[in-house]
Amino acid sequence: MTDVVALTRGLVGLDTVGKAESEALKLLAPLLEQAGFTVMISEHEPRRGTLVAEWHTGLDVPPLCLSGHLDTVPLGSARWEHDPSGDLDGDRLYGRGASDMKGGVAAIVLAATRIAAATPTRAGLRLVLTAAEETGSLGARHVAGSLLEGPSGPLVIAEPTGNAVVHGHKGALWLEALATGVTAHGSMPSLGDNAIYKLVRAVSRFEEYRFEAGPHPIMGAPTLNVGTIQGGLNTNSVPDRAVATVDIRTITGQDHREVEASLSRAAGPDVRLRPLVDLPPVWTDPEDEWARSVREIVRQVTGRADEPRAATYFTDASVLTPALGSVPTVICGPGEADQAHVTDEWCSVTKLAESVEIFERICADWCGI
Ligand SMILES: [Zn+2]
Numbered sequence: 015m016t017d018v019v020a021l022t023r024g025l026v027g028l029d030t031v032g033k034a035e036s037e038a039l040k041l042l043a044p045l046l047e048q049a050g051f052t053v054m055i056s057e058h059e060p061r062r063g064t065l066v067a068e069w070h071t072g073l074d075v076p077p078l079c080l081s082g083h084l085d086t087v088p089l090g091s092a093r094w095e096h097d098p099s100g101d102l103d104g105d106r107l108y109g110r111g112a113s114d115m116k117g118g119v120a121a122i123v124l125a126a127t128r129i130a131a132a133t134p135t136r137a138g139l140r141l142v143l144t145a146a147e148e149t150g151s152l153g154a155r156h157v158a159g160s161l162l163e164g165p166s167g168p169l170v171i172a173e174p175t176g177n178a179v180v181h182g183h184k185g186a187l188w189l190e191a192l193a194t195g196v197t198a199h200g201s202m203p204s205l206g207d208n209a210i211y212k213l214v215r216a217v218s219r220f221e222e223y224r225f226e227a228g229p230h231p232i233m234g235a236p237t238l239n240v241g242t243i244q245g246g247l248n249t250n251s252v253p254d255r256a257v258a259t260v261d262i263r264t265i266t267g268q269d270h271r272e273v274e275a276s277l278s279r280a281a282g283p284d285v286r287l288r289p290l291v292d293l294p295p296v297w298t299d300p301e302d303e304w305a306r307s308v309r310e311i312v313r314q315v316t317g318r319a320d321e322p323r324a325a326t327y328f329t330d331a332s333v334l335t336p337a338l339g340s341v342p343t344v345i346c347g348p349g350e351a352d353q354a355h356v357t358d359e360w361c362s363v364t365k366l367a368e369s370v371e372i373f374e375r376i377c378a379d380w381c382g383i
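Numbering of the sequence shown is given in this note's numbering, commencing with residue 15 and proceeding in unit increments.
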């Protein structure tokens, strides 16, 4: 039996920067199969596999689901002081993906294999280890339409939280705003129809736009930002095309189709909106019975009782939570949120071991062991 540090180092040593997640699954699938899990792997493109592993899912109570992603972002252009493929220094394990989130994946897999030595009296387990989270949850979407069948219990996402319990995160709705017009010679603008003027009027209305949804007590208020604007090809023509992109971060209770329709009315008839990214918000009431039980387990293992909080980043839960039937969801993993995507990314070895124990207890509690 391997330990969590060795398994994390094994995963961090594999280059899965937007590719080759299937190589990581070659390390993990045998561990799960030997422990008694039924393992299914589906690739959304060659060598980019997402794994779904199931154990005793046929019991009366639906299985607990644990999930993490196997891809990472690139190393960046700055030089690393530590070997990005798994340098150990004191309590720190360095490497791309140590915090975000190969440490979390290793902790899930080890906890699951340990639990599988027992016989559950109440419910089983389902693991979802995804490809291509960083580029829009493509792996999660891929299995949501195929391998994720049957009822599900709650979902744990092991993204980096320093082992604190996070109850959700904002949604992301990215829109393209397109205005079209009629081109003409720049010296005779009256013969044309200027697309830039139309788009700029809409963008000004976006700046004034106020959401109907009030601030959420923990997530805060929804936000809107116009991030890019492009239009026209040359100075001496009337532009017939102008495009802006808009980044909207939504809170629980906001429906993305309604937000889009409301913004479309605000933009006016000259501008067409089209979604580019559409990831709904995720939120589980801190008073939810299961979420409370998770917080209590974390308090027992870590000695810390954190206030309920929301993450600043979004996760595969935007896809998996609705796919599993809007199940209660928490985000809790051994990585440090502020280490995601940075140079010299590290994860605490102590928190890795803590995380295995947290997941084991959450599983034992749900499965009746
Ligand atoms: Zn992540």
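By construction, the Cβ of each residue, glycine as well, lies at the ideal position given by its N, Cα and C atoms.
Treat the numbers as computed from the prediction; the structure is a model and nothing was measured.
Please list, in chain order, all residues of the same chain as residue i whose beta carbon is under 7 Å from its beta carbon, the five residues on each side excluded.
i, result
"Gly-63", "Glu-35, Ser-36, Leu-39, Ile-55, Ser-56, Glu-57 and Ala-145"
"Thr-242", "Ala-258 and Thr-259"
"Pro-203", "Val-252"
"Val-157", "Ser-56, Thr-64, Val-66 and Val-142"
"Thr-316", "Asn-177 and Glu-368"
For the alpha helix (DSSP H) containing residue i, name the first residue and the last one.
i, result
"Leu-107", "Per DSSP, Leu-107 belongs to no alpha helix (DSSP H); it is in the beta strand (DSSP E), 106 to 108."
"Pro-379", "Checking the sequence shown, residue 379 turns out to be Asp, not Pro. That run of the alpha helix (DSSP H) goes 363 to 381."
"His-270", "270 to 281"
"Val-217", "209 to 222"
"Ala-112", "Unbroken run through Ala-112: none, as it is neither H nor E."
"Gln-314", "303 to 316"
"Thr-335", "331 to 337"
"Leu-192", "Looking at the DSSP string, Leu-192 is not in any alpha helix (DSSP H); the run it does join, the beta strand (DSSP E), is 185 to 194."
"Thr-22", "18 to 26"
On a CA-only basis, which of the options is nearest residue i? Give me that one, please.
i, options, result
"Leu-84", "Gly-200, Leu-139 and Leu-152", "Leu-152"
"Leu-161", "Val-142, Glu-148 and Val-170", "Val-142"
"Gly-159", "Glu-359, Arg-375, His-183 and Leu-338", "Leu-338"
"Thr-175", "Ser-201, Val-26, Gly-349 and Glu-226", "Gly-349"
"Leu-291", "Ser-332, Ala-280, Gln-268 and Arg-306", "The amino acid occupying residue 291 in the given sequence is Val; Leu does not appear at that position. Of Ser-332, Ala-280, Gln-268 and Arg-306, the residue nearest in Cα terms is Ser-332."
"Thr-264", "Arg-286, Ala-281, His-230 and Ser-278", "His-230"
"Glu-147", "Ala-351, Pro-300, Ala-130 and Leu-293", "Leu-293"
"Thr-343", "Ala-354, Ile-210, Val-308 and Ala-43", "Val-308"
"Leu-238", "Glu-274, Gly-245 and Leu-205", "Glu-274"
"Arg-61", "Gly-32, Cys-79 and Gln-353", "Gly-32"
"Gly-195", "Glu-303, Asp-103, Gly-245 and Thr-30", "Gly-245"
"Leu-149", "Leu-205, Ala-132 and Pro-88", "A small correction: the amino acid at residue 149 is Thr; Leu does not occupy that position in the sequence shown. Residue Pro-88 is the option with its Cα nearest to Thr-149."
"Gly-164", "Glu-173, Ala-172 and Gly-138", "Gly-138"
"Val-119", "Asp-358, Cys-346, Ala-193 and Gly-382", "Cys-346"
What residues in its chain sit with their C-beta under 6 Å from that of residue i, if we drop five residues either side in the sequence?
i, result
"Phe-51", "Ala-67 and Trp-69"
"Gly-100", "Arg-23, Val-26, Gly-27 and Gly-109"
"Arg-106", "Trp-360"
"Arg-300", "Note that residue 300 is Pro in the sequence shown, not Arg. Only His-181 and Pro-322 meet the Cβ criterion."
"Pro-98", "Leu-89, Gly-109 and Arg-110"
Please return the same chain residues whose Cβ sits closer than 8 Å to the Cβ of residue i, not counting the five positions on each side in sequence.
i, result
"Leu-247", "Pro-253"
"Gln-48", "Thr-127"
"Ser-166", "Pro-76, Pro-77, Cys-79, Arg-140, Leu-338, Gly-339 and Val-341"
"Thr-197", "Gly-206, Ser-251, Val-252, Pro-253 and Asp-254"
"Ile-311", "Ile-372, Arg-375, Ile-376 and Asp-379"
Could you give the C-beta distance for residue i and residue j, rounded to a whole number, given that I count them as a contact under 8 Å?
i, j, result
"Thr-249", "Trp-188", "Contact doesn't hold; Cβ gap of about 30 Å is too wide."
"Val-170", "Leu-42", "Going by Cβ atoms, the distance from Val-170 to Leu-42 rounds to 17 Å, so no, they are not a contact pair."
"Gly-389", "Ala-227", "Residue 389 lies beyond the range of the chain shown here (15 to 383); nothing can be said about it."
"Val-285", "Ala-186", "Not quite, the Cβ-Cβ distance comes to about 21 Å (not below 8 Å), so this is no contact."
"Ala-235", "Ala-172", "Actually they are not in contact, since the Cβ atoms of Ala-235 and Ala-172 sit about 28 Å apart, beyond 8 Å."
Where does the unbroken beta strand (DSSP E) through residue i begin, and where does it stop?
i, result
"Arg-323", "323 to 325"
"Pro-44", "Here Pro-44 belongs to no beta strand (DSSP E); instead the alpha helix (DSSP H) covers 35 to 49."
"Glu-95", "That residue, Glu-95, is in no beta strand (DSSP E); it is neither H nor E in DSSP."
"Ile-55", "52 to 59"
"Ile-122", "Ile-122 -> not in any beta strand (DSSP E); alpha helix (DSSP H) instead, spanning 117 to 129."
"Leu-152", "Looking at the DSSP string, Leu-152 is not in any beta strand (DSSP E); the run it does join, the alpha helix (DSSP H), is 152 to 158."
"Ala-256", "255 to 264"
- Just checking, does the stretch 314 to 326 make contact with the stretch 177 to 185 on the three C-beta pairs under 8 Å criterion? yes
- Does the stretch 362 to 370 touch the stretch 212 to 229, meaning 3 or more C-beta pairs lie closer than 8 Å? no
- Message: When you compare the stretch 350 to 358 with the stretch 111 to 119, are there three or more beta-carbon pairs, one atom per stretch, that lie closer than 8 Å?
- Response: yes
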